[in-house]
Amino acid sequence: MLLFVVGLVQAQSAGDIRLQLGGDYGFEIERFGINLGGEYVFLDKLSAAPNFTFYFPEDDVNASNLNLDLRYYLTQDQLQFYGMAGFTTLWASAKYMGVKVSESNSGANFGVGSVIKFGGNLGLNPEVKYQTMGDGQVVVKVGLVYLL
66 MLLFVVGLVQ AQSAGDIRLQ LGGDYGFEIE RFGINLGGEY VFLDKLSAAP NFTFYFPEDD
126 VNASNLNLDL RYYLTQDQLQ FYGMAGFTTL WASAKYMGVK VSESNSGANF GVGSVIKFGG
186 NLGLNPEVKY QTMGDGQVVV KVGLVYLL
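Position one of the sequence shown corresponds to residue 66 (our numbering), numbered consecutively onward.
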């Protein structure tokens, strides 16, 4: 079924593909992380943008975050503004007295961002979003985008 959906999306439009590397900060968990992502523009103004964040470990606590987002672009020139919504899951694990404890929370993403193109195939991607999981948190991300 997944292959069918991927094939359908590819058949709709031969759109842009972008790769992104950057950093983000989660205000509820109070952590910085490395964010890796991609984006496939499957309609003129609509794209799928999955990304994954590895948060820096602190006090034997590890955390990571998966986001499966849809972006709707309001502008399409050098400065591309978008609104986004999607799904998020945060995983956290820690060791207490030698025992590993894990927890995960899922929720929705809502936010805004932009892609600022410069230097041919490069761009900057600042983004702010709210994640509803657990107690909720605001995440600020800045990434370097490579346009294929």
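Positions of the beta carbon are idealized from the N, C-alpha and C atoms, including for glycine.
Residue i in three-state terms, based on DSSP
i, result
"Phe92", "coil"
"Leu209", "strand"
"Asn190", "strand"
"Gly185", "coil"
"Gly201", "coil"
Residue i versus residue j - alpha carbon distance
i, j, result
"Leu155", "Phe175", "15 Å"
"Leu189", "Val126", "30 Å"
"Lys206", "Tyr120", "12 Å"
"Asp109", "Arg136", "11 Å"
"Gln202", "Gln196", "5 Å"
"Leu144", "Val106", "16 Å"
"Gly163", "Gly80", "49 Å"
"Leu84", "Glu93", "27 Å"
"Met149", "Gly102", "15 Å"
"Ile82", "Ser112", "9 Å"
"Asn100", "Gly208", "8 Å"
"Ile181", "Val166", "41 Å"
"Ser78", "Leu213", "Residue confidence is low: Ser78 scores 40 on pLDDT, short of 50, so the model does not pin down where it sits. Its coordinate-derived value is still stated next. Taking the straight line joining both Cα atoms gives about 15 Å."
DSSP beta-bridge partners of residue i
i, result
"Leu111", "Tyr137"
"Asn174", "Gly151, Gln196"
"Gly80", "The partner list for Gly80 (beta bridge, DSSP) is empty, contrary to what the question assumes."
Task: Completely contained beta strand (DSSP E) runs for the region 119-163, where each covers 3 or more residues - done: Correct list: 126-138, 144-161.
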